[in-house]
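To start, the structure itself, in structure tokens.
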Amino acid sequence: MLNIPTPRRTGISRIPPEILGEIFVHCLPPDSPSQNTQQLLSSVCRIWRAIALITPALWASLDITCDMDVLLPPLPIIRTHLQCSRTHPLSFILHFSNLNHLHILTELTAARQRWCNVHIELYVVTQGILDLITLGDAPLLQSMQCDVMEGPSNLPIPLGMLHHCPRLESFQWDSFESPALMPLGDTRLTSLSLRAAISTSECITLLRLSPRLSNAEFYSFYPRGSLPTPHLTHPTLCTLTAIGDHSTTLLDALTLPALLNLDLVETAPPRSTLWETTMSAFLERSNPKIHTFSLSMSYMRRFEAAVLRILILTPHLRGLNLSDSRSDSPLFTAALIRALHPLPPPCVPLLPHLRQLQLSRIVDCPDGLCGTMLRARRGAHAQANGVACLEWAHIWFVGGVHDRDEADMKELCAEGMQGMID
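So the sequence shown is residues 85 to 506, counted in the working numbering.
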């Protein structure tokens, strides 16, 4: 008789099903949900399909598009994900633009007890759709982002949903037409972003009710018509972005000792003296060690001297971005470039820790002055001048040719610095 040897199992077939299931999960794209990965893994062989179907984490992410008569992925695949993910926390992205697919939203909201990370884009919205999304308990929800592209202007921001999401840490709502806030109690939020027409006093109220907040972004807020606001000291806020009319007025009612990153965009030109007084009082009151400062406003050239005096109050700054919201107006002159040029000790340099610099629309600056300033903040020159080595710079000039500055920038980039001069 012939002795026929038993076929040996390949290396991957000897891996325990639990370990192979974990390997499958690590095959998922890290940045966005994907349906193709699950389908490919399930199509290799009978064993892989069986292992995939008993691995809930593999099916717990979805990217759904409901556009006109198009539904991607098809309904059976969506239901497969919802069924095979079982009780695993569910993360999904939903692009919703057709009421004919309302049943998809209904099936997703039926699983809201498992919602974990949710991003919804609404190109069509009604109060009924908002109720589906926001009403009901979501005990596992950690982050919620909702972008309302179109809809009635009288729909409020549904902050009331935060009462039903005890683990929610990040909330972002994008709807420039929403005029009202719903009642809100104390929250666990660490990140809050609102693109909506809300007042300064409402911003302060939200900060007061979010004592754990570390990142706050308020877009399109307005100070006029605001009620008097009690002063607030927020001990944990590290990053603040304020975009709106006279956005600096928000700082009038705040003390932020932990602030590291400040981004202000003034959509209406403030008065120079009032702006400087508000900024100076805030910085002296909070005494924060701000690392990055970004400022954009109209007609900023009128504020050049005030900005320089404010920069003296931010000695820990590592990143600076100054721009003008009007593309046709000059921003700064050679005075700023000269102020940023460090001199050897015993002179005290402006912004000794600066590592990243972006300046837009500089006028009346002699060719070569900017390059000389950048060289003074690089390599051995930086060490001799008692400043940090500049790592990145983007300088934008208006008018005139700056051949020497461009040549200096090319040499600095060849030495390892990143940047450009326009």
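A virtual CB, placed ideally from N, CA and C, is assigned to each residue, including glycine.
Every value quoted in this text rests on a predicted model; they were computed, and no experiment measured them.
The shortest C-alpha to C-alpha distance from Thr271 to any of Glu253, Arg279, Trp257 and Gly503 is the one to Glu253.
Rounded to the nearest angstrom, the Cβ distance from Leu415 to Ser407 is 7 Å, consistent with a contact under 8 Å.
Close CB contacts of Ala491 within its chain, under the 8 Å cut and outside five residues either way in sequence, are with Gly455 (chain order). Residue environment: Ser380 is assigned as buried (16 or more neighbouring CB atoms within 10 Å of its CB, all protein chains considered). Shown here, Gln502 sits in a strand according to DSSP, grouped into three states.
DSSP, reduced to helix, strand and coil, places Gln226 outside both helices and strands of the structure shown, so it counts as coil. Under the three-pair Cβ rule at 8 Å, the region 158-168 does not count as touching the region 208-228. The closest CA to that of Asp489, considering only Pro157, Ile241 and Ile505, is found on Ile505. Collapsing the DSSP output to three states places Arg133 in a helix. With fewer than 16 neighbouring CB atoms inside 10 Å of its own CB, Ala464 falls in the exposed class.
The C-alpha of Arg198 lies about 25 Å from the C-alpha of Val208. With distances taken between CA atoms, Leu297 lies nearest to Cys322 out of Cys322, Asp231 and Leu278. Put simply, of Cys150, Ala365, His248 and Arg133 the residue whose alpha carbon is nearest the alpha carbon of Glu205 is Cys150. Shown here, Arg445 sits in a strand according to DSSP, grouped into three states. Per the Cβ contact rule, the region 338-356 is in contact with the region 364-378 (3 or more Cβ pairs under 8 Å).
Under the 10 Å beta carbon count, Ala468 is surrounded by fewer than 16 other beta carbons and is classified as exposed. Apart from sequence neighbours up to five positions away, the residues of its chain that approach Asp258 with a beta-carbon distance below 6 Å are Asp231 and Arg279, ordered along the chain.
For Pro450, same chain residues with a beta-carbon under 8 Å away, outside a window of 5 residues either side, are Ala418 in chain order. Around the C-beta of Ala389, fewer than 16 other C-beta atoms lie within 10 Å, and the residue is accordingly described as exposed.
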